[in-house]
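**Student:**
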Amino acid sequence: MAHRPPPATALRRDSAQTRERLLDAAGRLLAERGPAFTLPDLARAAEVASATVYRHFADVPDVHRAYYHRLVAGLTGDLAAASARTRGLRRFEAVCEAWTACAVRWGRAATHIRSAEGFLERVERGESGTTALYRQLAPVVAELLADGEIPEQDERYAVLMWVTVFDERVMVDLTRTLGWSARRIARELSASLLGALGRQGDAGSRAPRRA
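Read in the UniProt record's numbering, the sequence shown has 174 at position 174, and its numbers run on one by one without any break.
1) DSSP three-state label for Thr86, please.
2) Applying the criterion that 16 or more other CB atoms from any shown protein chain within 10 Å of the CB defines a buried residue, is Ala211 buried or exposed?
3) What does the Cβ neighbour count give for Leu42, buried or exposed, with the cut at 16 atoms within 10 Å?
4) Can you tell me where the alpha helix (DSSP H) holding Leu197 begins and where it ends?
5) Take Arg65 and list the residues in its own chain whose beta-carbon comes closer than 7 Å to its own, dropping the five residues that flank it on each side.
6) For the alpha helix (DSSP H) that contains Gly129, what are its first and last residues?
7) Express the C-alpha separation of Asp78 and Gly148 in angstroms, rounding to a whole number.
8) What span of residues does the alpha helix (DSSP H) with His112 cover, start to end?
9) What residues in its chain sit with their C-beta under 8 Å from that of Gly88, if we drop five residues either side in the sequence?
10) CA-CA distance, Leu197 and Val141?
11) Write down the C-beta distance between Leu126 and His69 rounded to the nearest angstrom, noting that I regard them as a contact closer than 8 Å.
12) In chain order, which beta strand (DSSP E) runs of at least 3 residues are fully inside the segment 24-78?
13) Let me know the secondary structure DSSP gives Leu178 once reduced to three states.
14) So is Gln200 buried or exposed if we call it buried at 16+ other beta carbons inside 10 Å?
15) So, is Glu188 buried or exposed, given that buried needs 16 or more other C-beta atoms within 10 angstroms?
Here is the structure:
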């Protein structure tokens, strides 16, 4: 006879699956109409009862926070996986590729839940998602510095520039307005960032290539 999980385990699993379904729907709503939706709107988008939504979230800002934390956890997890496979310049390029692959999926939704605080401000106060992202990027920058790929500079500045160049609003423009592929975005933005950080031969030295 097939093994069945204990009722409490099955209940937790079902609850987790429902929450993921709600956050998927929240991402679609954010992308389509921005933050101006209600919990009943979320219930309709996820095709669940309103009571189910209220069991998971107290209000819409609570939904936004949960979506943000899932987004950042997924991003940092993918960056960690890409970063573990190589080092130096190739590690930097792999992280840029992984970041772009994530951001083209949720860039539009993410533009609506941006913080008004600066990135480094949030790192300084220990905000969990921002700190996790910083901890993924800083070692990559440290290797670029150690290998002489970029000139000596403040590591925090270099990470800040990375976050700025890979802003989700930039991803939206490049995918939806210019029609670039994720592969081209990663290639062009990584070269632009290296140029901005002072690597010789990467800033404005080559004609843009098509996807």
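Virtual Cβ for every residue (Gly too), placed ideally from N, Cα, C.
**Tutor:** If we stick to the structure as given:
1) Here Thr86 carries a coil assignment [DSSP, helix/strand/coil].
2) Here Ala211 scores only 48 on pLDDT, less than 50, and its place in the model is too uncertain to base an answer on.
3) It is buried - the Cβ of Leu42 has at least 16 other Cβ atoms within 10 Å.
4) Premise fails: Leu197 is in no alpha helix (DSSP H) and is neither H nor E.
5) none
6) 128-146
7) 26 Å
8) No alpha helix (DSSP H) contains His112, which DSSP labels as neither H nor E.
9) Glu143, Leu144, Asp147, Glu149
10) 10 Å
11) Note that residue 126 is Gly in the sequence shown, not Leu. The Cβ separation is near 15 Å, so there is no contact.
12) none
13) coil
14) exposed
15) buried
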